[in-house]
Amino acid sequence: MNYKIEKNTVQETLIIPLYARKMCTELYPNLYRDETAVRLFGEIDYDFSALEKKSRSLMQRFGFLEVAMRQNDLAFEVRDYLRAHPNAAVVNLGCGLDATGRSCDNGSCKLYNLDFPDVIRVRDELLPAGPREENIPCDLNDTAWFDRIDASGGAIFFAAGVFYYFLREQVRALVQRMAAAFPGGVLVFDAANEKAVRLMLKTWIRDAKIKDVGAYFAVADAKAELGPWDSRLQISSRGYMLGYHDLKDPSVSGFFRFLARVGDRSMNMQIVRIGFGGEI
Ligand SMILES: C[S@@+](CC[C@H](N)C(=O)[O-])C[C@H]1O[C@@H](n2cnc3c(N)ncnc32)[C@H](O)[C@@H]1O
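When the count follows this note's numbering, it moves up by one through the sequence shown with no breaks and lands on 310 for the last residue.
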């Protein structure tokens, strides 16, 4: 069996959030738990030593907390949508080895996990699809995957740490096509402004020695910048560190809460929610 993740690929980027979720489960169990990440950490053929060495640094730890909080935020949005649309499609765009869909399963929704074929091959081994669940190999920029989604009960799409690897034009085209194909659907994703995306590249991507990844898509004011894309879009946004949770937990230091405020305010780290308009 081959659970190998190749170095220097876009797909390798899934390792960092997976490792971050495992670390946060250990460091901040009151705020976040992902037993799947803890299990998978031991099952993947990947040299984690560089990440482990860096995990002692304060800034890396803050980065881990960011990953956990965005996953909590996106799960909140998924559960919120499912309350009104219990049979909806829950679609994880660029899923990597993330099991957020399952953690939101209400027993009647349909779960879809989409990523490049080589990632889905690994996922099929480590997280084989369960009942009402499908792992779909695809390039998100090729809309052939639209036909695989049963959106008859509505659809909530989420993308965690994915659109930083897309050109702005690609995100625009995808959102416009999704709005046309999935009326009544909602897309939620994390984003940040240009300054933050540059910093992210410096601390995460370069450290991971990933050379062929460009971060192109950045947002400061979601409503103003994305609204003109399509008149159907209903856009809102909340800070991704403090917009959903106050982080007032003894495990989170005052310094980290300060950094969280800086991230949300001056880096525009945010969860963007786009309603596609129309009814299902
Ligand atoms: C930073 S990882 C995040 C993985 C997962 N969302 C998580 O939070 O653990 C980015 C993921 O997006 C996937 N991805 C990037 N561009 C893609 C595309 N055009 N089509 C499909 N998957 C893509 C990568 O393969 C990778 O698994």
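For every residue, glycine included, the Cβ atom is placed at its ideal position computed from N, Cα and C.
Across which residues does DSSP place Gly-305 in a beta bridge pair?
Val-216, Gln-264
- Taking 7 Å as the cut-off, does the CB of Ala-190 come closer than this to any heavy atom belonging to ligand 1? yes
- prompt: For Lys-278, which of helix, strand or coil comes out of DSSP?
  reply: coil
### Query
How big is the Cα-Cα spacing for Val-201 and Asp-64?
29 Å
Worksheet item: If we count Cβ pairs, one from each stretch, closer than 8 Å, do we get three or more for the stretch 178-185 versus the stretch 253-263?
Response: no
### Task
Assign Ala-248 to one of two classes, buried (16 or more other C-beta atoms within 10 Å of its C-beta) or exposed (fewer than that).
buried
- Query: Within 7 Å: the Cβ of Asp-103 and any heavy atom of ligand 1?
  - Reply: no
Quiz item: Can you name, in chain order, every residue of its own chain whose Cβ lies under 7 Å from the Cβ of Asn-165, other than the five neighbours on each side?
Solution: Asn-143, Ile-150, Arg-153, Asp-154, Ala-159
Notebook entry, point to check: Taking the alpha carbon of Thr-39 as the point to measure from, which residue in Phe-193, Phe-146, Cys-139, Ile-310 has its own alpha carbon closest?
Noted result: Phe-146
Going by DSSP, which residues form a beta bridge with Pro-167? Asp-145
Where Ile-240 sits in the DSSP three-state scheme:
Residue placement at Ile-240 is poorly supported in this model, since its pLDDT is 48, which falls under 50; the coordinates still yield a value, given next. Coil.
So is Gly-131 buried or exposed if we call it buried at 16+ other beta carbons inside 10 Å?
buried
With C-beta atoms as the reference, is Val-68 less than 8 Å away from Phe-188?
no
Legend entry - Which of helix, strand or coil DSSP assigns to Ala-27: The requested residue 27 is not part of the displayed model; the chain covers only 31 to 310.
Would Leu-170 pass as a contact of Leu-127 if the rule is Cβ separation under 8 Å? no
* Cβ neighbour criterion (16 or more within 10 Å) applied to Val-292 -> exposed
- Query: Between the stretch 284-299 and the stretch 114-123, do three or more beta carbon pairs fall short of 8 Å?
  - Reply: no
Q. What are the start and end residues of each continuous alpha helix (DSSP H) run of 4 or more residues lying completely inside the stretch 73-125, in chain order?
A. 79-84, 88-114
* Measure the C-alpha to C-alpha separation of Ala-119 and Cys-54 and round it to an integer number of angstroms. => 28 Å
Alpha carbon to alpha carbon, how far is Leu-57 from Ser-281?
8 Å
Worksheet item: Lys-84 to Asn-117, Cα distance in whole Å?
Response: 42 Å
Beta carbon of Ala-190, beta carbon of Leu-104: below 8 Å?
yes
Take Gly-137 as the anchor and find which of Pro-161, Gly-273, Leu-156 has the nearest alpha-carbon. Pro-161
- What does a CB cutoff of less than 8 Å around Glu-163 pick up in its chain, not counting 5 residues either side in sequence? Gly-131, Arg-132, Lys-140, Leu-141, Tyr-142, Asn-143
(message) Applying the 10 Å Cβ sphere with the 16-neighbour rule, what's the burial state of Pro-59?
(response) exposed
Worksheet item: Which partner residues of Lys-225 appear in the DSSP bridge assignment?
Response: Paired residues: none, contrary to the question.
Check your understanding: Can you tell me whether DSSP reads Gly-273 as helix, strand or coil?
Key -> coil
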